Amino acid sequence: MTRGFWDTLSYPIIGLAPMDGVTDATFRALTARYGHPSITFTEFTAAEGIRAGAERLLEDFLYCEEERPVLGQIFGADPDAFFIASAVVSALGFNGIDINMGCPAKSVAQRGAGASLILDPERATEIIRKTKAGNKAWAEGSSLQQLGVPENLIPLIEARRNALGITSRQLLPVSVKTRIGYDSVTVEDWVQHLLEETPANITLHGRTLKQLYTGFADWDAISRAAKIIHSTGTSVLGNGDVKNKEDALEHCTTYGVDGVLIGRAAFGNPWIFTDHTPTEKERLEVALEHATYFAKTAGEKNFVRMRKHLLDYTRSFDGAKELRSRLMRVSNLAEVESIIRSHIDNHLIL
Ligand SMILES: Cc1cc2nc3c(=O)[nH]c(=O)nc-3n(C[C@H](O)[C@H](O)[C@H](O)COP(=O)(O)O)c2cc1C
Numbered sequence: 000m001t002r003g004f005w006d007t008l009s010y011p012i013i014g015l016a017p018m019d020g021v022t023d024a025t026f027r028a029l030t031a032r033y034g035h036p037s038i039t040f041t042e043f044t045a046a047e048g049i050r051a052g053a054e055r056l057l058e059d060f061l062y063c064e065e066e067r068p069v070l071g072q073i074f075g076a077d078p079d080a081f082f083i084a085s086a087v088v089s090a091l092g093f094n095g096i097d098i099n100m101g102c103p104a105k106s107v108a109q110r111g112a113g114a115s116l117i118l119d120p121e122r123a124t125e126i127i128r129k130t131k132a133g134n135k136a137w138a139e140g141s142s143l144q145q146l147g148v149p150e151n152l153i154p155l156i157e158a159r160r161n162a163l164g165i166t167s168r169q170l171l172p173v174s175v176k177t178r179i180g181y182d183s184v185t186v187e188d189w190v191q192h193l194l195e196e197t198p199a200n201i202t203l204h205g206r207t208l209k210q211l212y213t214g215f216a217d218w219d220a221i222s223r224a225a226k227i228i229h230s231t232g233t234s235v236l237g238n239g240d241v242k243n244k245e246d247a248l249e250h251c252t253t254y255g256v257d258g259v260l261i262g263r264a265a266f267g268n269p270w271i272f273t274d275h276t277p278t279e280k281e282r283l284e285v286a287l288e289h290a291t292y293f294a295k296t297a298g299e300k301n302f303v304r305m306r307k308h309l310l311d312y313t314r315s316f317d318g319a320k321e322l323r324s325r326l327m328r329v330s331n332l333a334e335v336e337s338i339i340r341s342h343i344d345n346h347l348i349l
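First residue of the sequence shown: 0, per numbering that gives the first Met the number 0; consecutive thereafter.
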């Protein structure tokens, strides 16, 4: 088993969970700068889309050095597509490759990907094997052409490697992020099956596919699975409803996991991985920094997507209804800057 960075981390791990539409490269850069989570993941990216040569998907694989260790997360249903996507993730200099077997969205699960793989363990096995094989072939010197990477993606990948100064090829740890069952809790059988393929790590979100995000994460189920996983060389992270750093450390001790991933509680709160409680002014300044970076990377035409983050940064403020409603209507960076500066000047006692 290749464990790579998993063996050099300090434990317990408190990492940032991947969240499609939220934890893009900008969000992760800010979180890395102010929160220093142990690990970060890209949003899940379609292996079949990479195989089809979808250039825009390479944006999902942007990351910054401060984030490391950073894992490229891929999803899909066709094992052969994972071979190619794994080679791409490897060539782009990620520290690890994570396979999504937990997404419950109909658009994903009905295609046989994400959490529906819990019902198709043989396909899950094949996906892990092909992911490892794609990375191994790359590490041993095959070219992107030889590995079947679409011609149009190759110059873009080469350019990214040059810009990042990546010259080496490495065997990378392959991990799985999944749920505790499909429509009932079957986590013991499921992890036993996954362990046959010796993933470096398994992350368990303590809900079934059927539960989506309702109810509470079942940490007792995670704990039972952790015992099984710990009888092997694979590590295990728990995930679901963790509120802050203290809660994260408590979950590690109580449920016997090697660490946790924090998802929704990190919205607008990069400090969640630290002991620091920011002032309102700090929150606003980082919101502005996030908006500035977002405008630079995603472009002002996509700026409406920034509104959600601005709301998240100001959610904890008392009596800031007007501020929030103004931020909800912004369409460019200049507007955010003016609203935030005037709020700091007129409403905050410094
Ligand atoms: C908006 C959203 C998008 C998500 N996208 C992904 C994803 O791309 N990959 C993944 O493995 N999990 C994804 N998840 C699941 C989270 O990583 C995490 O497992 C889940 O939110 C439970 O953790 P939490 O209670 O700390 O939020 C997503 C969750 C949310 C809310």
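Ideal Cβ placement from N, Cα and C applies to all residues, glycine included.
Only a predicted model underlies this, so the values are computations on that prediction, with no experimental measurement involved.
Cβ-based burial, residue i [other Cβ within 10 Å; buried from 16]
i: ILE17; result: Checking the sequence shown, residue 17 turns out to be Pro, not Ile. Classification for PRO17: buried.
i: VAL303; result: exposed
i: LEU347; result: exposed
i: THR177; result: buried
i: GLY267; result: buried
i: ALA333; result: exposed
i: GLN72; result: buried
i: GLN109; result: exposed
i: SER330; result: exposed
i: PRO154; result: exposed
i: LEU163; result: exposed
i: LYS307; result: exposed
i: ASN134; result: buried
i: GLU121; result: exposed
i: LEU47; result: Strictly speaking, residue 47 in this sequence is Glu, with Leu absent from that position. GLU47 comes out buried.
i: TYR62; result: buried
i: ASP182; result: exposed
i: ASN243; result: buried
i: ASP59; result: buried
Cβ-based neighbour list, residue i, same chain, cut-off 6 Å, excluding 5 preceding and 5 following
i: PHE350; result: With the chain running from 0 to 349 in the structure shown, residue 350 is simply not present.
i: LEU8; result: SER37
i: THR39; result: LEU15, ARG27, GLU66, VAL69
i: ARG216; result: For the sequence presented, residue 216 should be read as Ala rather than Arg. Excluding sequence neighbours, ALA216 sits near GLY205, ARG206, GLY239, ASP240.
i: PRO78; result: GLU125, ILE126, LYS129
i: ALA294; result: LEU332
Cut-off 7 Å between Cβ atoms - residues of its own chain near residue i, not counting five sequence neighbours on either side
i: PRO198; result: ILE127, VAL173, SER174, VAL175, THR233
i: GLU336; result: LEU287
i: THR22; result: LEU15, GLU42
i: LYS131; result: VAL173
Strand pairing of residue i, partner residues [DSSP]
i: ASN200; result: SER234
i: SER174; result: ASP97
i: PHE40; result: LEU70
i: LEU15; result: ILE261
i: THR25; result: Bridge partners of THR25: none, in fact.
i: VAL184; result: GLY180
i: THR207; result: GLY180
i: ALA45; result: PHE74
**Message:** I'd like the ranges of any beta strand (DSSP E) spanning at least 3 consecutive residues and lying wholly in the stretch 234-306.
**Reply:** 234-238, 258-261
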